[in-house]
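So the protein sequences, as listed, match chains A and B.
Its first residue numbered 5, the first sequence is counted upward by one per residue in my numbering.
Its first residue numbered 3, the second sequence is counted upward by one per residue in my numbering.
C-beta: ideal position from N, C-alpha, C; glycine also.
The structure appears below as structure tokens.
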Amino acid sequence: GESVGLHLPTLSVQEGDNSIINCAYSNSASDYFIWYKQESGKGPQFIIDIRSNMDKRQGQRVTVLLNKTVKHLSLQIAATQPGDSAVYFCAERTNTGNQFYFGTGTSLTVIP
Amino acid sequence: NAGVMQNPRHLVRRRGQEARLRCSPMKGHSHVYWYRQLPEEGLKFMVYLQKENIIDESGMPKERFSAEFPKEGPSILRIQQVVRGDSAAYFCASSPAGGREQFFGPGTRLTVL
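Rendered as structure tokens:
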């Protein structure tokens with residue numbers, strides 16, 4: 005399954021399938037990006053980060069891809085599990101700023 | 003090592019009252035950030051503080067909102083004369099000096115009646 009930012013804020017996938025969550029960021033000066041996972045009633049939880057001098061970074065079951073040309077970021081979750089159900093946010097920060105700018109988020113639902 | 007602590011977790015106020023939200027950063031972290039989240043929206047930056055200094059308050063409403071991070075004790079986000087539009091989840095994050103990643107607390111959910 006695949007979602008594209010604001011146009012498809014919800015994504016449903018079958019357990020065991022791979023998930024792809026996309027994010028378009030706004031500022032070409034952004035040089036650091038984080039994907040956060042937020043479960044209902046909780047604060048955002050760090051998943052994976054990437055700096056602008058990289059185009060791919062892998063973690064445990066997650067991969068982040070960065071395409072600076074089109075200002076696009078994606079999060080791939082392999083073998084999606086019910087515990088992955090949450091809202092996922094991408095956050096960007098510029099090389100001169102202190103704050104993170106968060107996207108609207110994509111709600112991922114994993115169907116057992 | 004305890005994470006970022008926020009209290010209270012839930013706060014109910016009537017219009018016109020004051021709300022005080024507290025944030026204790028992770029041990030060893032000297033930078034604190036406050037964000038506001040409306041239902042089904044992303045987090046919006048409010049203010050960035052270091053001990054005894056406000057570094058960036060570009061996201062803070064000009065009136066009724068203030069923040070501090072004293073030398074001793076937690077960071078405080080203060081909202082005076084609350085209105086219903088202030089109802090939201092308020093998250094605090096902390097980072098060490100020179101750190102890039104921000105670690106978030108569980109948030110305070112403010113409800114204004």
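Separation of Asp-88/B from Asp-88/A, as counted between CA atoms
30 angstroms
For Tyr-36/A and chain B, any beta-carbon pair shorter than 8 angstroms?
yes
For Glu-20/B, is the classification buried or exposed, using 16 other Cβ atoms within 10 angstroms of its Cβ as the cut-off for buried?
exposed
Which of helix, strand or coil DSSP assigns to Asp-21/A
coil
Could you tell me which chain B residues have their CB closer than 7 angstroms to the CB of Lys-72/A, listed as they occur along the chain?
Within chain B, no residue comes near Lys-72/A; the closest Cβ sits about 18 angstroms away, beyond 7 angstroms.
Determine the burial state of Lys-73/B: buried for a count of at least 16 other Cβ atoms within 10 Å of its Cβ, exposed for fewer.
exposed
What number of angstroms, rounded off, separates the C-alpha of Gly-47/A from the C-alpha of Arg-66/B?
25 angstroms
Which class does Arg-86/B belong to by DSSP, given the choice of helix, strand or coil?
helix
Taking one C-beta from the stretch 7-23 of chain B and one from the stretch 16-24 of chain A each time, how about it: are there three or more such pairs within less than 8 angstroms?
no
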